[in-house]
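Residue numbers (the working numbering): 72 to 505.
Each remark here refers to the structure printed beneath this line.
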């Protein structure tokens with residue numbers, strides 16, 4: 072009867088509550104034990120800042136978090152919005168082919184030839200639920216224990232954890248602000264060896280905005296042609312390739328003999344402001360596509376059908392001058408942000424040539440104290456202080472392997488940029504030597 076059922080449910084609920092409340096004993100710990108693989112994934116400092124920002128906003132506090140978020144501040148192109156509604160209205164809401172719709176893969180191939188001079192066939196392209204998914208699937212498909220993946224630092228925060236989840240080892244290779252954070256051949260030569268499986272190049276780079284010029288890419292390719300390094304693949308993350316300021320972007324796959332050794336990652340989040348569509352792709356030799364797609368078949372089956380229809384519109388119906396206008400606006404915001412940063416004593420920042428990030432060095436202020444006597448010993452401590460006392464959210468450089476820095480995104484309004492950087496300057500200037 073219902074009373075008996077309620078009694079049974081009540082007993083089970085009570086038992087579960089009692090088990091969950093137990094603080095000792097192997098049984099509850101074993102039940103909720105986390106895989107060592109997942110336990111090794113670092114807690115995201117970006118997520119931590121976002122969480123604190125959300126809590127403050129929920130309490131009614133006004134927080135400027137615009138420079139914390141890595142997404143464009145312009146809307147998707149009108150053609151993308153129209154195609155999104157069109158897909159839903161026409162019932163394009165079913166599963167698609169594992170590699171993505173033929174229409175989208177053809178559009179991607181046409182774009183890669185037109186924009187990058189790299190010809191691909193449709194079976195050399197796999198559409199995924201965002202570029203990060205494609206990176207993960209490629210890494211897991213290609214790496215095994217004992218392999219090394221070389222990652223130039225500063226790096227996109229997810230790279231080392233994805234490498235760890237693939238069972239490989241990250242080798243962090245430094246780049247330097249004096250070189251505008253562009254990888255040098257000398258540093259690469261020290262990092263690459265017989266254990267290296269993949270070299271990651273993020274070009275343009277998140278978080279530095281560095282664009283690797285053709286000459287340097289050619290030097291890297293020449294290094295990789297050495298017989299003792301001929302086994303190394305290059306994962307070229309080109310998600311920001313459409314956002315450069317007065318310099319051309321060169322795809323690594325376009326270099327002589329490098330297409331068959333390159334995994335090109337790209338997507339629609341940055342150039343087309345389609346972050347929520349979760350749509351990216353991998354362009355690579357067929358054996359790599361086959362391996363990565365076997366994994367994708369068990370993870371997501373396919374990317375969103377509606378997003379894929381919108382992706383076709385992004386590539387085929389978006390005027391070039393619309394994207395050029397967005398890039399010009401971002402360039403003006405970059406210049407404003409740099410001008411404001413250079414007014415803060417003892418803060419330095421190279422001029423980025425792509426993406427929409429700045430990575431200023433604030434380490435001259437480490438070791439100083441706040442008015443309340445709190446020691447600021449790191450970028451993370453500085454960001455927490457800035458958030459709670461000045462209501463501005465930035466991401467600490469520790470998240471990117473650059474502990475002397477903070478990352479700010481200038482994909483924001485001019486007023487938001489002025490407010491955030493002015494308050495950053497006030498925050499740092501108020502710190503006192505112990």
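The beta carbon of each residue, even a glycine, is placed where N, CA and C say it ideally should be.
In this text, all values refer to a predicted model and were calculated from it rather than measured experimentally.
Quiz prompt | residue 223, enclosing beta strand (DSSP E) - first and last residue | solution = 219-224
Quiz item: Between which two residues does the beta strand (DSSP E) carrying residue 154 extend?
Solution: From DSSP, residue 154 is part of no beta strand (DSSP E) but of the alpha helix (DSSP H) over 149-160.
Quiz item: Which residue from 310, 479, 358 puts its Cα closest to that of residue 183?
Solution: 310
Practice problem: Leaving aside the five residues before and after residue 470 along the sequence, list all residues of the same chain whose C-beta is less than 6 Å from its C-beta, in chain order. | Solution: 116, 117, 228
Quiz item: Excluding sequence positions up to five away, which residues of its chain have a Cβ less than 6 Å from the Cβ of residue 351?
Solution: 199, 201, 202, 205, 338
Quiz item: Between which two residues does the beta strand (DSSP E) harbouring residue 307 extend?
Solution: 304-308
Self-check item: residue 427 vs residue 407 beta-carbon contact at 8 Å
Solution: no
Exercise. Inspect the CB distances between the region 219-238 and the region 374-386 and report whether three or more fall short of 8 Å.
Key: no
Quiz item: Does the region 436-450 come within contact of the region 389-400, defined as at least 3 CB pairs closer than 8 Å?
Solution: no
Self-check item: Separation of residue 141 from residue 495, as counted between CA atoms
Solution: 19 Å
Self-check item: Proximity of residue 234 and residue 253 at Cβ, strictly below 8 Å
Solution: no
Quiz item: Buried or exposed: residue 132, going by 16 or more other Cβ atoms within 10 Å of its Cβ?
Solution: Exposed, by the Cβ-count rule.
Quiz prompt | Cβ pair residue 138, residue 461 closer than 8 Å | solution = Their beta carbons are not under 8 Å apart, which means residue 138 does not touch residue 461 by this criterion.
Self-check item: residue 268 to residue 302 span [Cα, whole Å]
Solution: Roughly 7 Å between the two C-alpha positions.
Quiz item: In this structure, does DSSP put residue 413 in helix, strand or coil?
Solution: coil
Exercise. Would you mind working out which of 277, 271, 275 sits nearest residue 292, comparing C-alpha positions?
Key: Here the closest residue by C-alpha is 271.
Practice problem: With DSSP collapsed to three states, give me the class of residue 198. | Solution: strand
Quiz item: What does a CB cutoff of less than 8 Å around residue 318 pick up in its chain, not counting 5 residues either side in sequence?
Solution: 282, 284, 424, 425
Quiz item: Does DSSP put residue 473 in a helix, in a strand, or in coil?
Solution: Three-state DSSP puts residue 473 in coil, outside helix and strand.
Quiz item: Nearest to residue 125 by CA position, among 493, 468, 361, 459, is which residue?
Solution: Residue nearest to residue 125 within the set 493, 468, 361, 459 is 459 (criterion: CA-CA distance).
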